[in-house]
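Take 4 as the starting number for the sequence shown in the numbering used here and just add one per residue.
All C-beta atoms in this analysis are idealised placements derived from N, C-alpha and C, irrespective of residue type, glycine included.
Here the structure is a predicted model, which is why all the values come from computation and not from measurement.
Okay, structure first, notes after.
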Amino acid sequence: MHDANIRVAIAGAGGRMGRQLIQAALALEGVQLGAALEREGSSLLGSDAGELAGAGKTGVTVQSSLDAIKDDFDVFIDFTRPEGTLNHLAFCRQHGKGMVIGTTGFDEAGKQAIRERIKRRRRYCDCLCRQF
């Protein structure tokens, strides 16, 4: 790992995108893998996130509780499902965390919740991009 400036948490750590994001976080200078999240009841809970992603042991354990990892990250990266993403969005908003959302399939209410978050957020540059 490199000396890190931004600590990231990866939601859906056991999924295809989650594993790729873990690999990227471990490879990027200026980024540190701070936490990895999976849904409650997942067989992957307690696994080492780096080993899960095929990148070797990192000491970052896959968790299911946002409260358990809230002090371990600055930016939350989410490529999960709309309902989970919106819960994560509310948590990040409440705790002053940045968020990158790669989830698709939001209904209009979900899109509006994200737009509201963007309007109120000033610490990082949030943006909403439509799928091509």
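Compare the C-alpha of Gly3 against each of Phe82, Arg120 and Phe109 and name the closest.
Because the chain is modelled from 4 through 135, residue 3 falls outside the range shown and cannot be assessed.
Work out the CA separation of Phe82 and Ile104 for me, nearest whole Å.
In the sequence shown, the residue the question calls residue 104 occupies position 101. In the sequence shown, the residue the question calls residue 82 occupies position 79. Using only the alpha carbons, I get a separation of about 6 Å.
Endpoints, the beta strand (DSSP E) within which Asp75 is located
Within the sequence shown, residue 75 is the residue found at index 72, counting from 1. Premise fails: Asp75 is in no beta strand (DSSP E) and is neither H nor E.
The segment 17-24 contacting the segment 38-55, beta-carbon criterion three pairs below 8 Å
With a cut-off of 8 Å, the segment 38-55 and the segment 17-24 count as touching, because enough Cβ pairs lie within range.
4 or more residues per run - each alpha helix (DSSP H) lying fully within the segment 77-102:
As for any alpha helix (DSSP H) of minimum length 4 sitting wholly inside the segment 77-102, the runs are 85-98, ordered along the chain.
Can you give the Cα-Cα distance for Ala38 and Gln115, rounded to whole angstroms?
For the purposes of this step, residue 38 is taken as residue 35 along the sequence shown, with counting starting at 1. For the purposes of this step, residue 115 is taken as residue 112 along the sequence shown, with counting starting at 1. Rounded to the nearest angstrom, the gap between the Cα atoms of Ala38 and Gln115 is 28 Å.
Once DSSP output is grouped into helix, strand and coil, what is the label at Ala30?
Counting from 1 along the sequence shown, the entry for residue 30 is found at position 27. In the three-state reduction of the DSSP assignment, Ala30 falls in the helix class, which pools H, G and I.
Would you list the residues sitting across from Gln35 in a DSSP beta bridge?
As a working note, residue 35 is residue 32 in the sequence shown. Answer is Arg10, bridged to Gln35.
Rounded separation between Ala112 and Pro85 - CA only
Position 109 of the sequence shown holds residue 112. Position 82 of the sequence shown holds residue 85. Looking at the two C-alpha atoms, the distance is approximately 11 Å.
Start and end residues, alpha helix (DSSP H) containing Glu54
Numbered from its first residue, the sequence shown carries residue 54 at position 51. For Glu54, the uninterrupted alpha helix (DSSP H) segment begins and ends at Ala52 to Leu55.
Cβ separation of Ile13 and Leu29, assumed to be a contact under 8 Å, to the nearest whole Å:
Position 10 of the sequence shown, counted from the first residue, corresponds to residue 13. Position 26 of the sequence shown, counted from the first residue, corresponds to residue 29. Wrong, their Cβ atoms sit about 10 Å apart, outside the cutoff.
For Ile80, which residues in the same chain have their Cβ closer than 6 Å to its Cβ, ignoring the five residues on either side in sequence?
Within the sequence shown, residue 80 is the residue found at index 77, counting from 1. The beta carbon of Ile80 lies closer than 6 Å to those of Val11, Ile13, Leu24 and Val103 in the same chain, with the five residues before and after it left out.
Proximal residues to Leu69 (C-beta, below 6 Å), its chain only, five neighbours per side dropped:
Numbered from its first residue, the sequence shown carries residue 69 at position 66. The beta carbon of Leu69 is closer than 6 Å to those of Phe94 in its chain, skipping five residues each way along the sequence.
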